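Colleague: Submitted below is the structure of interest, expressed as structure tokens.
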Amino acid sequence: MAVGYVNLLIAMVLTGVWLVFMRLASAGSSGILVQCIHVAGSVLGVVCLFLPVLVLAKSRGDAVALGDRWYLAAAAGVIICIANVLMLRAFNAGVPVAVVGVMLNLGCLIPVLYGFFFLGERPAPHQWVGLALAIAAIVLLSWPASRSVTGPGAP
Numbered sequence: 021m022a023v024g025y026v027n028l029l030i031a032m033v034l035t036g037v038w039l040v041f042m043r044l045a046s047a048g049s050s051g052i053l054v055q056c057i058h059v060a061g062s063v064l065g066v067v068c069l070f071l072p073v074l075v076l077a078k079s080r081g082d083a084v085a086l087g088d089r090w091y092l093a094a095a096a097g098v099i100i101c102i103a104n105v106l107m108l109r110a111f112n113a114g115v116p117v118a119v120v121g122v123m124l125n126l127g128c129l130i131p132v133l134y135g136f137f138f139l140g141e142r143p144a145p146h147q148w149v150g151l152a153l154a155i156a157a158i159v160l161l162s163w164p165a166s167r168s169v170t171g172p173g174a175p
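The opening residue of the sequence shown carries number 21 in this note's numbering; numbering runs sequentially from there.
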């Protein structure tokens, strides 16, 4: 299980770097164009990195086939492409990268609620507290900062 958490930590760091790269790439350009280049890069990554892993796994007899669930993987790809285009549009509208990153993490609610309502997963009480704190953090970090000073003594 420790290996899983190490992988998750690395994924978290890479996602943060990816978000900054996508912000930098989107400056003054079309969200669709940046997304197309992003998808091309993803395909290149799959071919260079994951295809050899799949070939090795198949040669060892590991189960690598999706069977009749291939459409779920395809739908996930379409959904993430749409989400990325909307994220790039948020960048182009002037939303700061810190706010975009935090707001995207609100997506953590969806799998938790899905697991609770449809898969019978029951988070422990401390996990519910953690989820509430995560939501509070997202709200506080996304709250727009006041740029003007008002009240007594204000210029």
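Don't be surprised by glycine CBs; every beta carbon is placed ideally from N, CA and C.
Quick caveat, the model's predicted, so the values are computed rather than measured.
(1) Alpha helix (DSSP H) containing residue 148: first to last residue?
(2) Curious, which full-length alpha helix (DSSP H) runs of at least 4 residues does the region 82-136 contain?
(3) Taking the alpha helix (DSSP H) that residue 43 falls in, what are its first and last residues?
(4) Hey, could you find the ends of the alpha helix (DSSP H) residue 79 is sitting in?
(5) Return yes when the Cβ of residue 107 is within less than 8 Å of the Cβ of residue 42, no when it is not.
(6) Is it right to say residue 147 is buried, meaning 16 or more other beta carbons lie within 10 angstroms of its own, or is it exposed?
(7) Using the three-state DSSP reduction, which class does residue 140 fall into: helix, strand or coil?
(8) Does residue 111 pass the burial test, meaning 16 or more other C-beta atoms within 10 Å, or should it be called exposed?
Modeller: Let's see:
(1) 145-162
(2) 90-112 and 117-124
(3) 22-46
(4) 71-79
(5) yes
(6) exposed
(7) coil
(8) buried
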